[in-house]
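End of the sequence shown sits at 134 in UniProt numbering; the numbers just go up one at a time, nothing left out.
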Amino acid sequence: MGNKNKTISFRVNEDAFETLREIAEQRDISLSAVFRDYVDTLVAHDGKVRVVPEHELEGTGEADDSFPPKVEVPKSFIREHERLELEADHLREQLEEHKRYVTYLREQLEDEDEEVIQLEDLDGDADEPSFRLG
Numbered sequence: 001m002g003n004k005n006k007t008i009s010f011r012v013n014e015d016a017f018e019t020l021r022e023i024a025e026q027r028d029i030s031l032s033a034v035f036r037d038y039v040d041t042l043v044a045h046d047g048k049v050r051v052v053p054e055h056e057l058e059g060t061g062e063a064d065d066s067f068p069p070k071v072e073v074p075k076s077f078i079r080e081h082e083r084l085e086l087e088a089d090h091l092r093e094q095l096e097e098h099k100r101y102v103t104y105l106r107e108q109l110e111d112e113d114e115e116v117i118q119l120e121d122l123d124g125d126a127d128e129p130s131f132r133l134g
């Protein structure tokens with residue numbers, strides 16, 4: 001069976017509902033997306049999630065970085081990555097060229113009507129005299 005979505009329903013009081021709707025509006029997502037995010041977080045952290053108000057979160061001493069986090073990457077790394085991508089493309093092209101050549105050779109081999117003589121077939125019977133070169 002595949003991975004099927006299931007529906008969860010529960011009741012909240014009107015104040016909690018309004019607060020949840022405000023959170024959804026602030027994040028510019030649907031109310032159901034708020035719940036999905038919470039459930040995904042809960043599952044990802046094995047049920048060990050604690051809801052903390054934003055003002056308490058800011059006072060934890062953590063750096064006030066925006067999300068998603070940004071990382072500076074040296075230009076040499078980017079250049080090396082681009083070089084490797086180009087090399088990989090080149091190798092893919094060579095591989096395709098070799099595959100086409102092997103296919104061509106196989107077709108040539110199949111098209112040939114010449115009889116193939118095996119070396120074992122050239123060996124005479126035991127009754128026939130053998131000759132030695134040399």
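Heads up, the beta-carbon is just placed ideally off N, CA and C, and yes, glycines get one too.
#1: Using C-beta distances below 8 Å, list every residue in its chain close to residue 6, excluding the 5 sequence neighbours before and after it, in chain order.
#2: Assuming residue 24 contacts residue 33 under a Cβ cut-off of 8 Å, what Cβ separation, rounded to an integer in Å, is found between them?
#3: If residue 41 sits next to residue 49, beta carbons under 8 Å apart, how far is it from one beta carbon to the other, in whole angstroms?
#4: Give the DSSP-derived three-state secondary structure of residue 39 in the structure shown.
#5: As a quick exercise: from 35, 4, 26, pick the residue whose alpha carbon is nearest that of residue 11.
#6: In angstroms with no decimal places, state the Cα-to-Cα distance between residue 4 and residue 39.
Judging by the given coordinates:
#1: Along the sequence shown, read from residue 1 onward, the residue named residue 6 stands at position 6. Contacts found: none.
#2: Start at 1 with the first residue of the sequence shown, and residue 24 comes out as number 24. Start at 1 with the first residue of the sequence shown, and residue 33 comes out as number 33. With 8 Å as the limit, residue 24 and residue 33 qualify as a contact, their Cβ atoms being about 7 Å apart.
#3: Here residue 41 corresponds to residue number 41 of the sequence shown, with the count starting at 1. Here residue 49 corresponds to residue number 49 of the sequence shown, with the count starting at 1. Right, their Cβ atoms sit about 5 Å apart.
#4: On the sequence shown, position 39 is the one that residue 39 refers to. Note: residue 39 maps to helix in three-state DSSP.
#5: As a working note, residue 11 is residue 11 in the sequence shown. Of 35, 4, 26, the residue nearest in Cα terms is 35.
#6: Counting from 1 along the sequence shown, the entry for residue 4 is found at position 4. Counting from 1 along the sequence shown, the entry for residue 39 is found at position 39. Spanning the two alpha carbons is a distance of roughly 15 Å.
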